[in-house]
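See structure below.
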Amino acid sequence: MVKPYLKAYCLLLSLLPLVCSAVGFGVGEGQIQKTYEKHCASCHGKNLQGGLGSNLVDDTWKFGGTDQDLINIIKQGKTDAGMPAWKITLSDKEIRAMVVFIREQKFLQQQRPATTTALDETVFNSLHHDFSLQRIAEFDSTVWSLSFLPNGGWVATEKAGKIWLKQPNKDKQLITNTPKARVKGQGGYLDIVPDPQYAKNGWLYFTYSQASQDDDSQAMTTLVRGQINNGQWVNQQTLFKANEQFYTGKGVHFGSRIVLDSKYVYFSIGDRGNMQQAQELSQPNGKIHRLHHDGSIPHDNPFVKNKNALPSIWSYGHRNPQGLVAHPTTQQLWAGEHGPRGGDEINLVQKGLNYGWPTITHGINYNGKPISDKTTLAGMEQPKHYWVPSIAPGGMAFYQGKHFTKWRNNLFVGGMATRSLHRLTLQDNKVVAEEVVMKIEQRIRDVAVSPSGELYLVINGSSPKGKIFKVVKKS
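In structure tokens:
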């Protein structure tokens, strides 16, 4: 027998959309929706399905999923996971309303019919080329990086701690004997890139969040290289490992992307949630580093003679660069960088320069508080392009191929918060045009170009969690 109060509750739920409609607003709407869009969407996504922050409607909770748990985390924050405290910015009533809004959004998304058009079946129309997506591979968890090998095969990482190898005409293979990462928050397996002479030496360069030997709650981004032999990761060499005094328990801003040319390896480390350290040359975080392929320090690095600086530093003042690529014709280094709330950047990275974070920024804190009153300052570089509001830029790639002739040398950037693919046109080291060529309901984590000049996307979202797609031109 159904108890009377349960009947009343069920009746209330069934009537709620009608009641709300009668008074001029609906479930999941009103002022609290505007509050969410203003303060929360840049991390958790417009539809609450995640971006840099977690998904709020899939019933997967890191710190408890009761109403009181949500109130506590909104109020107090969780700085180690990148979540600010909102108790000053939002009133108790607003925080309670936010919890109701989250519940309403989950309810609404459950009521919506499943989309009838899969990504594989959609034709996307852009300014120069129309295209579709062809699914290449699927994964059980979030895919972080995709890089192509000279023979057209590829390697990919899952953030949860997996490396995959796909050789032409063979099934993808899970590589064993890989190093243990501290998988927490944004940490885990990050970028993986082949050596320019991979066909001869087999080296793969790889970044991941490595735990301290003395305290596995502390971690920092580490760069290694290794080889794959008979499905195993072998001959690993550590190229960069920070002094463990710099390790931190914060689970945010590891970076990391890798670029190699014929002599050097460049790689990024985010500020690890300690923004002021991005300006300190004695600290590894908030920097782009340069090494020889074997991990030794180039004698012409900009701070090699500064006894108070780490000699590996190439540039500094970075918040969280998760995009790093070399221009196909000039070989100049370009970085895509997460801002806070607003202020995502595209930077031309040059020797010894200071890119300003957090002294200058075009963004503000997630809770609405200012970070700096300055967007420019002498001696600090301006971005070549920036976004307000944030798009949460992930991996990026310059297109160089024959399949999309009008896209040659354009920079493609995945927007994780906006679930969009951005095409930037560069001229004389300036971004002169931008087009959103694709907008979907899932996060675009990485962009890659194959040796044959085909464009590929890493997309994370609903089941299966991780996917690789090839961009196919429509005639």
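Per mature numbering (1 follows the signal peptide of the UniProt record, and there is no 0), the sequence shown runs over residues -22 to -1, 1 to 453. Using N, Cα and C, we set each Cβ at its ideal position, and we do this for glycine too.
Legend entry - Sequence-distant residues of its chain with Cβ nearer than 6 Å to residue 359 (five each side left out): 331 and 333
Legend entry - Rounded straight-line distance, which links the Cα of residue 142 to that of residue 60: 29 Å
Legend entry - Among 226, 418, 27 and 376, nearest to residue 308 - alpha-carbon criterion: 376
Inset, instruction - Put residue 399 into one of helix, strand or coil per three-state DSSP. - result: strand
Inset, instruction - Please name the residue in 444, 204 and 115 whose C-alpha comes closest to that of residue 181. - result: 204
Inset, instruction - Determine the direct distance from the alpha carbon of residue 82 to that of residue 437, and round the result to whole angstroms. - result: 27 Å
Inset, instruction - Note down the Cα distance separating residue 258 from residue 346, rounded to an integer number of angstroms. - result: 26 Å
Legend entry - Sufficient close CB pairs (3 or more, under 8 Å) joining the segment 206 to 215 to the segment 228 to 243: no
Inset, instruction - Spell out a yes or no on whether the segment 113 to 128 and the segment 439 to 446 are touching, meaning 3 or more CB-CB pairs, one atom from each, closer than 8 Å. - result: yes
Legend entry - Backbone secondary structure at residue 17 - three-state DSSP: helix
Legend entry - Beta-carbon proximity check, residue 128 vs residue 177, cutoff 9 Å: yes
Legend entry - Every unbroken alpha helix (DSSP H) inside the segment 103 to 181 [4 residues or more]: 176 to 179
Inset, instruction - Work out the CA separation of residue 403 and residue 461 for me, nearest whole Å. - result: Residue 461 falls outside the range modelled here, since the chain spans only -22 to 453, and no answer is possible.
Legend entry - residue 419 classed as buried or exposed, judged by whether at least 16 other C-beta atoms fall within 10 angstroms: exposed
Inset, instruction - Could you say if the segment 322 to 331 and the segment 359 to 373 meet the contact criterion of at least three C-beta pairs nearer than 8 Å? - result: yes
Legend entry - Nearest-angstrom Cβ-Cβ length linking residue 492 and residue 374, presumed shorter than 8 Å: For residue 492 there is no data in the structure shown, the boundaries of the chain being -22 and 453.
Legend entry - Sheet register partners of residue 393 (DSSP bridge): 371 and 398
Legend entry - Through-space distance from residue 453 to residue 400, alpha-carbon basis: 22 Å
Inset, instruction - Within 10 angstroms of the Cβ of residue 462, are there 16 or more other Cβ atoms? Answer buried if so, exposed if not. - result: Nothing about residue 462 can be read from this structure; the chain reaches only from -22 to 453.
Inset, instruction - Please specify which runs of the beta strand (DSSP E), each continuous and at least 3 residues long, are wholly inside the segment 241 to 270, giving them in chain order. - result: 242 to 247 and 265 to 270
Inset, instruction - Under 7 Å Cβ to Cβ from residue 107, same chain only, skipping five residues before and after it: list those, please. - result: 382, 384, 385 and 451
Legend entry - residue 432, buried or exposed, once every other Cβ within 10 Å from all chains shown has been counted against 16: buried
Legend entry - Element boundaries [alpha helix (DSSP H), containing residue 54]: 45 to 54
Inset, instruction - Just tell me which of 186, 80, 133 and 224 has its CA closest to the CA of residue 202. - result: 186
Legend entry - Three-state class that DSSP yields for residue 380 in the structure shown: coil
Inset, instruction - Provide the residue span of the beta strand (DSSP E) that contains residue 315, from first to last. - result: 311 to 315
Legend entry - residue 275 versus residue 224: straight-line alpha-carbon distance, rounded: 20 Å
Inset, instruction - Indicate whether residue 304 and residue 391 have their beta-carbon atoms separated by less than 9 Å. - result: no
Inset, instruction - Work out the CA separation of residue 170 and residue 380 for me, nearest whole Å. - result: 25 Å
Inset, instruction - Work out the CA separation of residue 151 and residue 417 for me, nearest whole Å. - result: 31 Å
Inset, instruction - State the CB to CB distance for the pair residue 21 and residue 8, rounded to an integer number of angstroms; the pair is presumed to be in contact (CB under 8 Å). - result: So it is not a contact: roughly 21 Å between Cβ atoms.
Legend entry - Reference residue 280, options 327, 413 and 250, closest by Cα: 327
Inset, instruction - Could you tell me the boundaries of the beta strand (DSSP E) in which residue 218 lies? - result: 210 to 218
Legend entry - Rounded straight-line distance, which links the Cα of residue 398 to that of residue 99: 17 Å
Inset, instruction - Determine, using beta carbons only, whether residue 316 and residue 370 come nearer to each other than 9 Å. - result: yes
Legend entry - Start and end residues, beta strand (DSSP E) containing residue 363: 363 to 365
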